[in-house]
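> Sharing a structure here in structure tokens format.
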Amino acid sequence: MTAIALETSVPSRRLPRWLPILAILIAAYGIIPVIGTSYLFEAILLPFLALSLAALGLNILTGYAGQLSLGSAAFMAVGAFAAYNFNLRIPGLPLIVSLFLAGLTAAAFGILFGLPSLRLRGFYLAVSTLAAQFFVKWALTRFGWLSNYNSSGVIDAPPLTLFGLQFQGPLGRYLFALTIVVVLTALAARLMTTRSGREFIAIRDNEIAAKVFGVSIFRTKLLAFGLSSFIIGVAGFLWAFAYLRTVEPDGFNLDRSFSILFIIIIGGLASIRGAFFGAALIVVFPLLLSRLGALIFGGVFDSGVLDMSQRIVIGALIILFLIAEPSGLVALWDRLTRKFLVRR
Amino acid sequence: MSDFDYSFLLEVLIGGLLSGVMYSLVAIGFVLIYKTSGVLNFAQGAMVLFAALTFVGILEHGVPFFVSLLLTLLIMAVLGVAVEQTVLRPLVNRPPITLFMATLGLAYILEGAAQLIWGAQVHGLNLGFDDKPIALGEVLVSSFDLFAAAVAATMVALLSAFFRFTRTGLAFRAVADDQFAALAVGLRLPVIWAIVWTAAGFVALVAGLLWGARLGVQFSLSLIVLKALPVLVLGGFDSILGAIVGGLLVGASEKLAEVYIGPLFGGGIEIWFAYVAALALLLIRPSGLFGVKLVERV
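Have a look at this one:
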């Protein structure tokens, strides 16, 4: 992760930077709710939003601060279960508060499992983050208290309420998730341009140089872990409460961690937009592939075959992106739009 | 604890050490590739699955044992060359983390392909060896575990001899020592990488057969990569000796912890104990027990 420049290049010199953002917000709040079907919300947009947020969190840690983590799904699980427990144990606690507390719990876990980063680098660190993955899953299945002694470990999520408003149905849950993603994305994007954000990048690019310039390695690395886990924890909340509406440890397995890592590789490391581009591809692509399979081969393919071919194609995509477009979909998009705008 | 059962302790210890041998077997495949190309090959587990499934698949078509063994070896060699050509060569000079992520992609491809070709059901594998417990004094030991340990020892001996006495082995050591110097004296890196990946494929096949005979040849074979990682962390990524000692340590400590500490936490701590133990050691010795002092410069 050496040659990822700061994301200062504006996609085009003619359009102001806020225009595309405004357009996306108008589309997300004004157009999609009107034209969207419940299939679109349930199968595409809700997982997309949750995964985007998780990828955004991981991108802060891996893309900006350069600390590779393979335990994202564990922090998602911590967020989801913490929110469930805060909601259950403290009656009358507003959901937004338990959401915030869940994020903080995930952040605390992140800092705890980030401690090895102070001594370890690269592969050793990546392996040590796997510890989080196994430990959290073990704790969640072992201690029944955490899932309120539910025999299957699967629990129903409570309804979503925010400031007295009820968010019901696919559309309501979409708007709830969208609002949280928008707020957190704005905060994260802003933060990356502050001193702390610059310090993340400094540590990624050259730790010793950063130290010489007076960046506290200790503070910055743990801040990166905490911040990233906070966001990933909230993403876990969205995944469980808004998308699946059940909270279960099995959904937050190693494969989920990998797919979040894949999202930021495909989308673009150290880029806010990258998380969204990558998540869109990872969510939509399997659906397209299964549609395509059904279209071409009819019912010949069973789901197992489809699953396997999906694995192969995703694996190939990862390698292809690493070889041909290491800066991800974001770079591809910027090149295309720039060409388009200049020609006109 | 006046009536502490020492023979039981010994039994657990020996069982743990022997299962540690199986971990070492997987870890050695990692070490081979890491030493010569600086890549942490996450696909090693997928290669174990791929090799074992291919072998069983060919065997089930009525091909004799040794012919299918040779055929599988050939396929693993082709795979090694293909990986060098399509994945490693285009990614030359990229940061190690990029290569690591590429092997993640490779793992997905291999897992998908193996199961697509040979089916996802569990295949039984019989190496013609009964698993009878053998009594050594008061301690019962699984004879299959002993057999596996013998195979592993033979393989390590073969590999060591290969590294020490052949020209290719010498070239391997040269590349592991200093890639640029090796290039400068005219060693062809791509050829060496292809051979190393083939050797890792061979190790994967041996590991796959032993694990497959124990657990059945199925997807979960690919997950033994997760068992091998703490072994590597303990032993250092670049030391075969470290992989062996690390494997033994992980195997033994994990079983002992499960039996003696596990009940305090309600059991099942085997999944994460190795990781926590490895982490604790890393905080004291950041390059593992036998690893070269931090190669990665900041």
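Those sequence lines, one after another, are chains A and B. Just so we're aligned: 205 in my numbering is position 210 of the first sequence, and the numbers increase by one with no gaps anywhere. Start counting at 1 in the second sequence, then tack on 368, and there's your number in my numbering. All residues carry an ideal CB built from backbone N, CA and C; glycine is no exception.
1) Quick check on DSSP: helix, strand or coil for Arg665 of chain B?
2) Taking 8 angstroms as the threshold, find out whether the stretch 222 to 241 of chain A comes into contact with the stretch 44 to 54 of chain A through three or more Cβ pairs.
3) Which residue's Cα is closest to the Cα of Phe410 of chain B: B:Gln453, B:Ser375, B:Thr471 and B:Val601?
4) Determine the direct distance from the alpha carbon of Tyr79 of chain A to that of Asp151 of chain A, and round the result to whole angstroms.
5) So Phe423 of chain B and Leu438 of chain B are in contact, right, with Cβ under 8 angstroms, and what is the actual spacing, rounded?
6) Nearest chain A C-beta to Gly480 of chain B closer than 8 angstroms, yes or no?
7) What does the Cβ neighbour count give for Val313 of chain B, buried or exposed, with the cut at 16 atoms within 10 Å?
8) Between Leu478 of chain B and Val585 of chain B, is the Cβ-Cβ spacing less than 8 angstroms?
9) Measuring alpha carbon to alpha carbon, tell me which of B:Phe512, B:Ile563 and B:Ser510 ends up nearest Thr536 of chain B.
10) In three-state DSSP terms, what is Ala60 of chain A?
11) Under 7 angstroms Cβ-Cβ, which residues of chain B neighbour Val278 of chain A?
12) Beta carbon of Gly615 of chain B, beta carbon of Ser392 of chain B: below 8 angstroms?
13) Determine whether the beta carbon atoms of Ala568 of chain B and Met390 of chain B lie at a separation below 8 angstroms.
14) Go through its chain and collect everything with a Cβ distance to Ile612 of chain B's Cβ below 6 angstroms, but skip five positions before and after it.
15) Where Val455 of chain B and Thr189 of chain A are concerned, what is the direct C-alpha to C-alpha distance, given to the nearest angstrom?
16) In or out: Lys216 of chain A buried (at least 16 other Cβ within 10 Å) or exposed?
17) Work out the CA separation of Arg582 of chain B and Arg457 of chain B for me, nearest whole Å.
18) Chain B partners of Gly58 of chain A, CB-CB under 8 angstroms?
19) Measure the C-alpha to C-alpha separation of Ser510 of chain B and Leu385 of chain B and round it to an integer number of angstroms.
20) What is the C-beta distance between Leu600 of chain B and Ala395 of chain B, in whole angstroms, given that I count them as a contact (C-beta under 8 angstroms)?
21) Measuring alpha carbon to alpha carbon, tell me which residue in A:Val229, A:Gly61 and A:Ala23 is nearest Gly74 of chain A.
22) Mind checking if Met303 of chain A is an interface residue toward chain C, Cβ cutoff 8 angstroms exclusive?
23) Let me check one thing: in DSSP terms, what residues is Ala503 of chain B bridge-paired to?
24) Using only the alpha-carbon positions, how far apart do Leu249 of chain A and Val519 of chain B sit?
25) Return the bridge partner residues of Thr466 of chain B from the DSSP annotation.
26) Counting only beta-carbon separations shorter than 8 angstroms, does Tyr374 of chain B have a partner in chain A?
27) Could you tell me whether the Cβ of Gly470 of chain B comes closer than 8 angstroms to any Cβ of chain A?
28) Taking the alpha-carbon positions, what's the Leu378 of chain B to Ile485 of chain B distance?
29) Taking Ile426 of chain B as part of the alpha helix (DSSP H), name the residues at either end of that continuous run.
30) Nearest chain A C-beta to Pro631 of chain B closer than 8 angstroms, yes or no?
31) In chain A, which residues lie less than 8 angstroms from Leu474 of chain B when you measure between Cβ atoms?
32) To the nearest angstrom, report how far apart Gln547 of chain B and Ser405 of chain B are at their CA atoms.
33) Evaluate the contact criterion for the stretch 317 to 329 of chain A versus the stretch 252 to 272 of chain A: three or more CB pairs, one atom per stretch, below 8 angstroms.
34) Hey, quick one: how far does the alpha helix (DSSP H) through Phe633 of chain B stretch, first residue to last?
35) Which word fits Lys500 of chain B, buried or exposed, when buried means at least 16 other C-beta atoms lie within 10 angstroms of its C-beta?
36) Does the separation of the CB atoms of Leu474 of chain B and Gly310 of chain A fall below 8 angstroms?
On the basis of the supplied data:
1) Taking the first residue of the second sequence as position 1, residue 665 of chain B is located at position 297. For Arg665 of chain B, the predicted model reports a pLDDT of 39, less than 50, meaning its position is unreliable; a value from the coordinates is still stated below. Here Arg665 of chain B sits in coil by DSSP.
2) yes
3) Locating residue 410 of chain B in the second sequence gives position 42, where the first residue counts as 1. Taking only the C-alpha atoms, the option nearest Phe410 of chain B is B:Thr471.
4) Along the first sequence, read from residue 1 onward, the residue named residue 151 of chain A stands at position 156. Along the first sequence, read from residue 1 onward, the residue named residue 79 of chain A stands at position 84. Cα to Cα, the separation comes out at about 9 angstroms.
5) Working through the second sequence from its first residue, we reach residue 423 of chain B at position 55. Working through the second sequence from its first residue, we reach residue 438 of chain B at position 70. About 10 angstroms separates the two Cβ atoms, so there is no contact after all.
6) In the second sequence, counting from the first residue as 1, residue 480 of chain B sits at position 112. Yes, Gly480 of chain B counts as interfacial toward chain A.
7) For chain B, the structure presents residues 369 to 666; residue 313 of chain B sits outside this window and is missing.
8) By 1-based counting over the second sequence, the position of residue 478 of chain B is 110. By 1-based counting over the second sequence, the position of residue 585 of chain B is 217. Not a contact, by the Cβ cut-off of 8 angstroms.
9) Counting from 1 along the second sequence, the entry for residue 536 of chain B is found at position 168. For Thr536 of chain B, the nearest C-alpha among the options comes from B:Ile563.
10) Here residue 60 of chain A is taken as the residue at index 65 of the first sequence, counted from 1. Three-state result, Ala60 of chain A: coil.
11) By 1-based counting over the first sequence, the position of residue 278 of chain A is 283. Those within 7 angstroms of Val278 of chain A in chain B number zero; the least Cβ separation is about 17 angstroms.
12) For the purposes of this step, residue 615 of chain B is taken as residue 247 along the second sequence, with counting starting at 1. For the purposes of this step, residue 392 of chain B is taken as residue 24 along the second sequence, with counting starting at 1. Against a cut-off of 8 angstroms, the Cβ pair of Ser392 of chain B and Gly615 of chain B comes out as a contact.
13) Here residue 568 of chain B is taken as the residue at index 200 of the second sequence, counted from 1. Here residue 390 of chain B is taken as the residue at index 22 of the second sequence, counted from 1. Contact: no.
14) Taking the first residue of the second sequence as 1, we reach residue 612 of chain B at position 244. The residues are Ser392.
15) Position 87 of the second sequence, counted from the start, is the residue given in the question as residue 455 of chain B. Position 194 of the first sequence, counted from the start, is the residue given in the question as residue 189 of chain A. About 38 angstroms.
16) Within the first sequence, residue 216 of chain A is the residue found at index 221, counting from 1. Lys216 of chain A is buried by the Cβ-count criterion.
17) One-based indexing of the second sequence puts residue 457 of chain B at position 89. One-based indexing of the second sequence puts residue 582 of chain B at position 214. Distance between the alpha carbons of Arg457 of chain B and Arg582 of chain B is about 36 angstroms.
18) If you number the first sequence from 1, residue 58 of chain A lands on position 63. Residues of chain B passing the Cβ test: none, with the nearest at roughly 11 angstroms.
19) Taking the second sequence and counting its residues from 1, the one referred to as residue 510 of chain B is at position 142. Taking the second sequence and counting its residues from 1, the one referred to as residue 385 of chain B is at position 17. Going from the Cα of Ser510 of chain B to the Cα of Leu385 of chain B covers about 12 angstroms.
20) The residue labelled residue 600 of chain B in the question sits at position 232 within the second sequence. The residue labelled residue 395 of chain B in the question sits at position 27 within the second sequence. Rounded, the Cβ-Cβ distance is 5 angstroms, consistent with contact.
21) If you number the first sequence from 1, residue 74 of chain A lands on position 79. Among A:Val229, A:Gly61 and A:Ala23, the Cα nearest to that of Gly74 of chain A is on A:Val229.
22) You won't find chain C in this structure, because its protein chains are A and B.
23) To locate residue 503 of chain B, count along the second sequence from 1; it is residue 135. Answer is B:Leu508, bridged to Ala503 of chain B.
24) Working through the first sequence from its first residue, we reach residue 249 of chain A at position 254. Working through the second sequence from its first residue, we reach residue 519 of chain B at position 151. If I take the Cα positions, the gap works out to 31 angstroms.
25) One-based indexing of the second sequence puts residue 466 of chain B at position 98. Looking at the DSSP assignment, Thr466 of chain B forms no beta bridge with any residue, so it has no partner.
26) By one-based count along the second sequence, residue 374 of chain B stands at place 6. With 8 angstroms as the cut-off, Tyr374 of chain B does not count as an interface residue toward chain A.
27) On the second sequence, position 102 is the one that residue 470 of chain B refers to. Per the sequence shown, the amino acid found at residue 470 of chain B is Ala instead of Gly. It does: the Cβ of Ala470 of chain B has a partner Cβ on chain A nearer than 8 angstroms.
28) As a working mapping, residue 378 of chain B is identified with position 10 in the second sequence. As a working mapping, residue 485 of chain B is identified with position 117 in the second sequence. Distance between the alpha carbons of Leu378 of chain B and Ile485 of chain B is about 44 angstroms.
29) Translated into positions along the second sequence, residue 426 of chain B becomes position 58. First-last of the alpha helix (DSSP H) with Ile426 of chain B: Gln412 to Glu428.
30) Walking along the second sequence from the start, residue 631 of chain B turns up at place 263. Not an interface residue.
31) Here residue 474 of chain B refers to the residue found at position 106 when the second sequence is read from its first residue. Here the neighbours are Gly310 and Ile314.
32) Reading the second sequence from its first residue, position 179 is the one you call residue 547 of chain B. Reading the second sequence from its first residue, position 37 is the one you call residue 405 of chain B. Approximately 8 angstroms between the Cα atoms of the pair.
33) yes
34) Translated into positions along the second sequence, residue 633 of chain B becomes position 265. Start and end: Gly630 to Phe633.
35) Looking up residue 500 of chain B in the second sequence gives position 132. Exposed: under 16 other Cβ atoms inside 10 Å.
36) As a first step, residue 474 of chain B must be located in the second sequence, where it is residue number 106. As a first step, residue 310 of chain A must be located in the first sequence, where it is residue number 315. A contact, by the Cβ cut-off of 8 angstroms.
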